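This report concerns only the one structure given below.
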Amino acid sequence: MAVYKKTYRPYEGALTPSWKRCLAIPRYALEDLRRSRFLNIFYIASFAYPLIAAIIIYLEHNLVALRALNAERVAAIVSIDAGFFLSFLGWQSMLALFLAAFIGPGLVSPDLANNALSLYLARPFSRVEYVLGKAGVLLLLMSLMTWVPGLLLFAYQGYLEGQGWMAANTRIAEGVFLGAWIWILCLSLLALALSAWVKWKPAAGALMFGVFFVASGFGRAVNQVEDTKWGLLLSIPQVVGTVWAWLFEGNNPQSNGAVFFRLDKTAEIPIAACWATLAALCLACLYMLSRKIRGAEVVK
Numbered sequence: 133m134a135v136y137k138k139t140y141r142p143y144e145g146a147l148t149p150s151w152k153r154c155l156a157i158p159r160y161a162l163e164d165l166r167r168s169r170f171l172n173i174f175y176i177a178s179f180a181y182p183l184i185a186a187i188i189i190y191l192e193h194n195l196v197a198l199r200a201l202n203a204e205r206v207a208a209i210v211s212i213d214a215g216f217f218l219s220f221l222g223w224q225s226m227l228a229l230f231l232a233a234f235i236g237p238g239l240v241s242p243d244l245a246n247n248a249l250s251l252y253l254a255r256p257f258s259r260v261e262y263v264l265g266k267a268g269v270l271l272l273l274m275s276l277m278t279w280v281p282g283l284l285l286f287a288y289q290g291y292l293e294g295q296g297w298m299a300a301n302t303r304i305a306e307g308v309f310l311g312a313w314i315w316i317l318c319l320s321l322l323a324l325a326l327s328a329w330v331k332w333k334p335a336a337g338a339l340m341f342g343v344f345f346v347a348s349g350f351g352r353a354v355n356q357v358e359d360t361k362w363g364l365l366l367s368i369p370q371v372v373g374t375v376w377a378w379l380f381e382g383n384n385p386q387s388n389g390a391v392f393f394r395l396d397k398t399a400e401i402p403i404a405a406c407w408a409t410l411a412a413l414c415l416a417c418l419y420m421l422s423r424k425i426r427g428a429e430v431v432k
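Under my numbering, think of the first position of the sequence shown as 133, with each following residue one higher.
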């Protein structure tokens, strides 16, 4: 064939819709994560608690099984109420923190370390879509281990107890869904922000725990020294636990929070201050991402 006949020919196939283009990022990221044996084992093990909770719900409604196991007294102690689902959410959310600390630091830092952001942003999607694509990995994995099994357990309990129970306890379902999403969004934004600013993965993962545990201890120290309660705003578990208690039980919660998110009843903080703290955390993470996620970087 003559050279002059080899002219440019535009692509004539079907174009991917613009809203689907950023889905290529989580697709390849999930493929890389699937190769990690440790992550696969940890993720499968994270569903042990939902399985145990489902067995407890089943035994609560099966007298024959209770008598066979000689566990009638135990069943009388365990009640399927807001506290049961709050404990479930607390346990699964703590596992979600470990998951985010493990995979979050490796989502953005490799692209920055290898100057690959310009290649990403040269494609037909924006910086916002890039962040959404990276966050989609965490959103999907943490959703499947928090609110998805939580709502399935709620539906299972409603099926065994009757529709009247579900109608009378819709606040529990709302608390599981909204409470899980609050935690998931905070974790996802924090993990991406630390991954963008700290290029060494172990250090970024350690900072994840530092924000939640070291800052919590510092806040309690401030309370002791200054004789105040506002230092608890530095404790993310305390803030999230307060919001969860409000979602599940209203303005006068009777429980002391969820597992790993226990409330300090001696120094209660207003719910409005908790919402403002979580909003400030998310806005700070978004600002950190906007400073780093750029098509060009000036290196001094």
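For glycine and all other residues, C-beta sits at the position ideal for the given N, C-alpha and C. As the structure is a prediction and not an experimental result, all values here were calculated from the model.
When beta bridges are read from the DSSP output, R352 appears opposite no residue. Inter-residue distance for W313 and A186 is about 22 Å (C-alpha atoms, whole angstroms). Per DSSP, reduced to three states, the secondary structure at A390 is strand. Per the coordinates, the alpha-carbon of A146 lies some 36 Å from the alpha-carbon of A232.
L366 is positioned such that its CB atom lies no closer than 8 Å to that of I401. A distance below 7 Å between beta-carbons, with the five flanking residues on each side excluded, links G215 to the following residues of its chain, in chain order: S387. Take K397, set aside five residues on each side of it, and the residues of its chain with a beta-carbon closer than 7 Å to its own are N388, in chain order. L227 and I176 have their C-alpha atoms some 11 Å from each other. With a contact defined as Cβ atoms closer than 8 Å, V375 and L410 qualify at about 7 Å.
Contact check for G290 and W297: beta-carbon distance about 5 Å, within the 8 Å limit, so the pair qualifies. Counted as a single uninterrupted DSSP element, the stretch harbouring I425 is not any alpha helix (DSSP H), since DSSP gives it neither H nor E.
Straight-line measurement puts the Cα of I235 at about 27 Å from the Cα of S150. For P402, the secondary structure class from DSSP, reduced to helix, strand or coil, is coil. D213: not part of any alpha helix (DSSP H); DSSP gives it neither H nor E. Non-local beta-carbon contacts of V240 in its own chain, meaning distances under 7 Å to residues more than five positions away in sequence, involve K266, L324, S327, A328 in chain order.
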